[in-house]
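Okay, structure first, notes after.
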Amino acid sequence: MNDTEYDMRVDAIFMRLEEALDECEVDIDYEGAGGILTLIFPNQTKIILNKQPPLHQIWVATKFNGHHFNLEGEQWIDERTGAEFWSFMDEAASKQAGQPVTLSGE
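Below you can see the structure in the form of C-alpha cells.
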C-alpha cells in the first residue's frame, strides 16, 4: 500500500466513524483535525484515533489502553490483540460509554 492509498483508506474510516457518531443513540461528540479524531463521551472520557503515515497504521488510545492497527487484507487488525478494528471500536466505545454503542453499522 502506498502513502496515497493509506491516506484514502484511513480518511474513509474516519468519515465512516463520524457518520456513525452522528447517528449514534449515545451522545458522543467528536473533533477531527490534522489526522486525529477524538471521540468525547458524556462522562468526559475520550478515545483518540490518530493516523500514523510512516507506519501505515491507525493508533487508537482508549481510557484503558493503546492499540496499533495494521491493514491485513481488507481489515484493520490490532497488532497486539488480533482484534478487528470495527469490533474493537464497538466494544471500546460501549465500555467507555457504560452502555451499548454500535459504530460498525452491524
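For any residue, its number in our numbering is found by taking its place in the sequence shown, counting from 1, and adding 1152.
We put the CB at the ideal spot given by N, CA and C, even for glycine.
For I1210 and V1253, believed in contact at Cβ under 8 Å, the rounded distance
The Cβ separation is near 18 Å, so there is no contact.
Nearest neighbour of G1218, chosen from Q1227, E1226 and M1241 [CA to CA]:
M1241
State buried or exposed for L1173, treating a residue as buried only when at least 16 other CB atoms are found within 10 Å of its CB.
buried
Do you know whose CA, among Y1158, E1183 and T1197, lies nearest G1250's CA?
T1197
Pull up the distance between the alpha-carbon of L1201 and that of Q1227, whole angstroms please.
16 Å
Can you give me the C-alpha to C-alpha distance between D1181 and R1168, rounded to a whole angstrom?
14 Å
Of the residues P1206, C1176 and E1177, the one placed nearest G1187, counting alpha carbons only
P1206
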